[in-house]
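In this note's numbering, the protein residues as written are 39 to 158.
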């Protein structure tokens with residue numbers, strides 16, 4: 039496999055774009071391989087790398103169909119529904135908690151009160 043051309047940060051030639059830049063133009067990579075990469079050196083860690091795709095080979099974004107819209111709506115509803123109290127939290131449930139914040143707080147209060155009793 040040949041090495042990818044690498045460019046300094048913000049110095050990529052015209053005709054290349056990142057996935058986000060393609061999306062802003064209403065395009066998608068469309069199955070093409072990464073054409074180049076941008077590298078931004080960092081002081082304490084390895085370089086920050088962004089992959090570039092060729093704009094001329096990009097394809098238009100697929101339109102949203104009613105079935106896809108319905109599937110996305112169901113997925114978002116599942117992410118917003120607390121598995122503990124079964125209510126819509128109004129936000130996506132944090133994966134770190136696994137339940138809505140009020141349920142997590144009430145669980146923490148119960149476990150915290152037992153720790154205080156055993157400590158005294």
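Idealized CB from N, CA, C, for every residue including glycine.
Only a predicted model underlies this, so the values are computations on that prediction, with no experimental measurement involved.
Beta carbon of residue 88 nearer than 7 Å to that of residue 43
Position 50 of the chain shown, counted from the first residue, corresponds to residue 88. Position 5 of the chain shown, counted from the first residue, corresponds to residue 43. In this structure, residue 43 does not lie closer than 7 Å to residue 88 by Cβ.
Cα separation between residue 103 and residue 45?
Counting from one through the chain shown, the residue named residue 103 turns up at place 65. Counting from one through the chain shown, the residue named residue 45 turns up at place 7. Looking at the two C-alpha atoms, the distance is approximately 38 Å.
Can you give the Cα-Cα distance for residue 99 and residue 135, rounded to whole angstroms?
On the chain shown, residue 99 is found 61 positions in, with the first residue counted as 1. On the chain shown, residue 135 is found 97 positions in, with the first residue counted as 1. Each residue's Cα considered, the two are about 35 Å apart.
With a CB to CB cut of under 7 Å and the five nearest residues on each side skipped, what residues in its chain are close to residue 155?
Along the chain shown, read from residue 1 onward, the residue named residue 155 stands at position 117. Low local confidence applies: a pLDDT of 44 at residue 155 is under 50, so the model's placement there is unreliable, with the coordinate-based value given in what follows. Counting only Cβ-Cβ distances below 7 Å, and skipping sequence neighbours, we find nothing.
In terms of residue numbering, what span does the alpha helix (DSSP H) encompassing residue 116 cover?
Here residue 116 is taken as the residue at index 78 of the chain shown, counted from 1. Element bounds for residue 116: 104-118.
Selection from 78, 79 and 60 that minimises the alpha carbon distance to residue 70:
Numbered from its first residue, the chain shown carries residue 70 at position 32. Comparing Cα-Cα distances from residue 70 to each of 78, 79 and 60, the minimum goes to 60.
Given this structure, state the Cα-to-Cα distance separating residue 158 from residue 143, to the nearest angstrom.
Position 120 of the chain shown holds residue 158. Position 105 of the chain shown holds residue 143. Caution applies to residue 158, whose pLDDT of 46 falls short of 50 and renders its modelled position unreliable; the model cannot decide the point.
Per DSSP, residue 74 is paired with what?
Stepping through the chain shown from its first residue, residue 74 is reached at position 36. Answer is 90.
Residue 62: first and last residue of the uninterrupted alpha helix (DSSP H) it sits in:
Residue mapping note: residue 62 aligns to position 24 of the chain shown, counting from 1. Unbroken alpha helix (DSSP H) run through residue 62: 57-62.
Which residues in the same chain have their Cβ closer than 7 Å to the Cβ of residue 146, if we skip the five residues on either side of it in sequence?
Taking the chain shown and counting its residues from 1, one reaches residue 146 at position 108. Closer than 7 Å at Cβ, skipping near neighbours: no residue.
The beta strand (DSSP E) spanning residue 44 covers which residue range?
As a first step, residue 44 must be located in the chain shown, where it is residue number 6. Counting along the chain, the beta strand (DSSP E) containing residue 44 begins and ends at 44-46.
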